[in-house]
Each structure stands twice: as structure tokens, then as C-alpha cells.
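>
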Amino acid sequence: MTETAQRGTKTRRFTLPSLRWWMFGFFVLVMVINYIDRASLSIAMPLIGKEFHLTPAVEGLLLSAFGWTYTLMQLPGGWLVDKIKPRKIVTGSLIGWGIAEALTGLATGVTALFGMRMLLGVFEGPVQNGANTSLTRWLRRSERARGSTLVDGGGPLGTALGGLLITGLIIGLGTWRLAFGVVGLITVLIGVIAWLFMRDNPAAHPLIRDKEREYLAAIDTEVAPAEKRTAADYLRSRSTWLLLAAFFGYDAVVYGLLTWAPSYVSQQQHVSTALIGAWTFVIFGVGFVGEIFAGQLADRLIRRGAKPNRVLRWMLGIAGFGVAVAILLVNVVGSPIAALILISAANFFLRWGGLYWAVPARIAHPGDVGKISGAMNFSGNVAGILMPILIGLIVQATSSFAVVFVVFAVAGVIMALSSIGIHYGDSPEVPAPATLAEG
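The opening residue of the sequence shown carries number 4 in our numbering; numbering runs sequentially from there.
#1: Could you name the residues of the same chain whose beta carbon sits closer than 6 Å to that of alanine 412, not counting the 5 residues immediately before and after it, in chain order?
#2: Compare the C-alpha of arginine 41 against each of Arg313, Asp236, Trp141 and Leu65 and name the closest.
#3: Identify, in the order they occur along the chain, each residue of the same chain with its Cβ nearer than 8 Å to the Cβ of arginine 16, setting aside the five sequence neighbours on each side.
#4: Given this structure, state the Cα-to-Cα distance separating threonine 18 from arginine 307, to the nearest angstrom.
#5: To the nearest angstrom, report how far apart phenylalanine 30 and alanine 60 are at their CA atoms.
#6: Would you list, in sequence order, the uninterrupted alpha helix (DSSP H) runs of no fewer than 4 residues that lie entirely inside the segment 125 to 189?
#7: Below 6 Å CB to CB, which residues in the same chain sit around proline 20 once its five sequence neighbours on both sides are set aside?
#8: By Cβ distance below 8 Å, which residues in the same chain neighbour leucine 304 in space, the five residues on each side in sequence not counted?
#9: Can you give, in chain order, each stretch of the alpha helix (DSSP H) that sits fully within the segment 360 to 397 and has at least 4 residues?
#10: In the structure shown, what three-state DSSP assignment does phenylalanine 404 receive?
#11: Here's the rule I'm using: 16 or more other beta-carbon atoms within 10 Å means buried, otherwise exposed. How should tryptophan 82 be labelled?
#12: What distance in whole Å lies between the Cβ atoms of arginine 143 and isoleucine 222, which are believed to be in contact at a cut-off of 8 Å?
#13: Under 7 Å between the Cβ atoms of glycine 387 and threonine 283?
#14: Assuming valine 443 and alanine 342 form a contact by the criterion Cβ under 8 Å, report the distance between their Cβ atoms to the nearest whole angstrom.
#15: Ignore the nearest five residues each way along the sequence and tell me which others in alanine 197's own chain have a CB closer than 6 Å to its CB.
#16: Going along the chain, which residues of its own chain have a beta-carbon closer than 7 Å to the beta-carbon of phenylalanine 126, five neighbours each way excluded?
#17: So for methionine 201, helix, strand or coil by DSSP?
#18: For alanine 459, which residues from the same chain have a beta carbon less than 7 Å from its beta carbon, with the 5 sequence-adjacent residues on both sides left out?
#19: For serine 266 and isoleucine 46, what's the separation of their Cα atoms in angstroms?
#20: Under the assumption that threonine 170 contacts threonine 262 (Cβ atoms under 8 Å), give the Cβ distance between them as a whole number of angstroms.
#21: Could you name the residues of the same chain whose beta carbon sits closer than 7 Å to that of tryptophan 71, not counting the 5 residues immediately before and after it, in chain order?
#22: Roughly how many angstroms lie between the CA atoms of serine 376 and serine 240, to the nearest whole one?
#23: Where does alanine 110 fall in DSSP's three states?
#24: According to DSSP, is serine 240 helix, strand or coil?
#25: Give the straight-line distance between the Cα atoms of isoleucine 425 and proline 129, rounded to the nearest whole angstrom.
#26: CA-CA distance, arginine 316 and serine 422?
#27: With DSSP collapsed to three states, give me the class of glutamine 271.
#28: What residue does the alpha helix (DSSP H) around phenylalanine 29 start on, and which one ends it?
#29: Quick one: what's got a C-beta closer than 7 Å to phenylalanine 404's C-beta in the same chain, skipping five residues either side?
#30: Could you please give the first and the last residue of the uninterrupted alpha helix (DSSP H) stretch that includes valine 285?
#31: Which of the three DSSP states, helix, strand or coil, is assigned to lysine 214?
#32: Could you compute how far the alpha carbon of leucine 297 sits from the alpha carbon of glycine 373?
#33: For the alpha helix (DSSP H) containing glycine 323, list its first residue and its last residue.
#34: Fully enclosed by the segment 79 to 108, which alpha helix (DSSP H) runs are 4 residues long or longer?
#35: As a quick exercise: from Thr111, Ala235, Phe200 and Phe352, pick the residue whose alpha carbon is nearest that of phenylalanine 324.
#36: So which of Gly383, Ala115, Leu238 and Met76 has the shortest CA-CA distance to glycine 252?
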């Protein structure tokens, strides 16, 4: 047989078209699972609170437990991703937090619940950093803004779907404990899929096509040279501190709604377990729509020639004030449906905050984007620790959520005013050289 004939009979390698978007879709799935597991305790809290006879203050402490270790893991998380690589980090995180989620169903008291939630935070801590780092190898620069917004949108989408999934499992299985076990098992299975499907180097993926391999190889030529900056430069920058303040205000409301919305629905609106899932789905489903809308709108405005600095200031400013107004109005309406509409509207504007993930690349040197992102996320997660505890204390002292909504409104104003003061630069791709000096 001739060499030509041998080549003609060679088995063709199976590949996937646009593999990078399959990889991107997988990371959206990871974030959806991340938030389903994260929100599970909040959704089941009305039942858990009754079973263990918990006060609102203790419930708040339990709801904050995840945030303690999750926040601490933001500091070493970036280093671990760089050292161990995203494939191992994402796989280990999924399997670890899946086991922690399943073990939560075996808890016999508050101490065990607290410990399992802290363990969940340890394993979930590095996963978003791992996903974002991997995406920098799988998406070209022009694709990352859209990709990052959609991946971050997995948060509200996961919370929305989690509301239906967790309540459905509780009703179907008759107990919250088995529901946690099922969700934990699903997470472990997705961890196995992560190991089989992910690759740190796109060129090494067995399913990539040659044309796409060449397309992604150009990533290394896209980073523009920039002057290196020191930590002191960032500490002197007004924009750095305003970004931390803005994200603190943003995450204060994000975690407030994530941890206490189901209890508000149960205690204040007196709805059934099944309707808790429906309310959660609507509130956070609208948030997902808001995040996608904001990403598309910002991208379209900038493509049409609007200055990014003006676009981001206006959009994030409107978002913060929109949250404040909508959430305050909840206190003056008497109808449960009106309350649902207003909380959903607040979450719609709130999730415009997904744009914050594009800010570090605009105000930082390319080699420092991870550090600024980590500092931003750390600031937000400090709010994630404090808010559940504060809300629990307020509800226990007042037997009402009225003051809680005022606190949310204040956080929205902090988000708005801080965002308006940040200098984002006007280059559509690369941070303006004068960003720090002007910020």
C-alpha cells in the first residue's frame, strides 16, 4: 500500500467546532453549580431553623460561615491557581465542595453545620479565580468581556435554579438532608467531568481543531506593553480605593439577598416551601437577565464610539441608585406581588455590577490584574461575612426586615457614588497609561 493510500485510510480525529465556547459553557455550568450549593443553606434555612430551634442571630452566623473561609481563600487562591494550574484547582474544588455539601445533610447540630459551611467556603474559594485564569487562555482579548460577564452571570442563574432544585428535592424526598446529599453528588460528578474535559493549554486538548489552535496561539501577542507599577502606586490611587468601596457596597446587597431572601419570603410574606423556590427563581432569574443586559449594553455603547469611562460611570452609578430606590420602596408596599416585583427590580440593577470584573484590567498593569481582582473580591467578601450577621441581629431585634432594606439602600448608594468617582480610562482594550495618575 502506498503512503498516500495509508494517509487516506487513516482514522479522522474527533474534534469539536469552536471548542473554546464549549469550554466557556462548561465554566458557566461550574458557576451555576457553585451558586446552587452556596444558596442551598439559605433556601433550606426556614426548615433548618425550625428543626434546630435557631434564633435569627444564630441563623445569621450560620449564613456567614461560608464567607469566612471563602474570603480567606481569596488571598492564596490566585497563587494556588498559578502554581497548581486551573485544571487541578477546578477539579479539586468541585469534588471537595461536593463532599462538604453532602456531609451537611448529616449535621446533627449548629456546630456541625457551621463546620461544613466553612469547609464549603475553603473549596469554593479558588474556583472562580481558576475559571477566570483558564478563560484567559481560551478566549481572545476581544471575546473576554462578553465571556466574563456571562460566566459571572452563572451566579444569579445558579441561585435562581437552586431555588427550584433545592425546594423540589426537599418536597420530593421529604427532607432537606437528602436534598443536600443529591446536590453534593451532582457536584462531585461535575468535578470528574472537569478533569476529563479541561486542559490548561488549549493546544494540548484532544478535541481542538487545528484552525482554532492557531487562532488561540495569537493570545500571547495581544498583551500591549505597559509600564510596571508598584503596590505604592495602587495605594495612592483614588480609583483603587473607590473600586474596593464600590464592590463592598455591591457585595453587601448580593450576599444580603443571597443569604436572607428565602427567610424574608417565608417569615414576612408567609409563603410555602414550594413558593420559596418560585420567589427565589424569579428574583435571581431577573438578576441574571440584568447581568446579561448590562454586558451587552456596555459592549454595544463602546463599540459605537462611547467613551468607556463615561459608559461605566453612568451604568454603575445608575445601577447603585436603582438598587437603593427599588429596595426602599419594598417598605411602603403592602402587596406580596409588589414586593416581589420591587426586589426583582433591585436585583436587576444590582447585577449590572458584573461589569466590575472588567475594571481591574482597565486600571491595572496587565501583570497586576489578578492582584487587583483579588483585592476587589476580598473587599466584597468582607461585606459577605458581615451582612448575614448584621441582618440576623436586626431581624432578631426588630422582628422585621424594614431596617434591613434601609441598610441595603445605603449599600446601593455607596456602590453608586464610589463607581461614579472611578477613572476607568477611555481605551476600548487597554488601560489608559494615565489611569492611576488621574484616578
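Just so it is clear, CB atoms sit at the ideal spot from N, CA and C, and this is done for glycine as well.
Note that this is a predicted model, so its numbers are computed, not measured.
According to the structure shown:
#1: Ala327, Ile330 and Leu331
#2: Leu65
#3: Pro209
#4: 36 Å
#5: 35 Å
#6: 130 to 141, 144 to 155 and 157 to 176
#7: none
#8: Val314
#9: 363 to 366
#10: coil
#11: exposed
#12: 6 Å
#13: no
#14: What is shown of the chain runs 4 to 442, which leaves residue 443 out entirely.
#15: Val93, Thr94 and Leu97
#16: Ser96, Gly99, Trp100 and Ala103
#17: coil
#18: Because the chain here runs from 4 to 442, residue 459 falls outside it and cannot be looked at.
#19: 8 Å
#20: With 8 Å as the limit, threonine 170 and threonine 262 do not qualify as a contact, their Cβ atoms being about 16 Å apart.
#21: Met121, Gly124 and Ile388
#22: 15 Å
#23: coil
#24: coil
#25: 27 Å
#26: 6 Å
#27: coil
#28: 22 to 55
#29: Tyr267, Gln271 and Val398
#30: 276 to 306
#31: helix
#32: Looking at the sequence provided, one finds alanine at residue 297 rather than leucine. Alanine 297 and glycine 373: Cα-Cα distance of roughly 23 Å.
#33: 311 to 332
#34: 89 to 107
#35: Phe352
#36: Gly383
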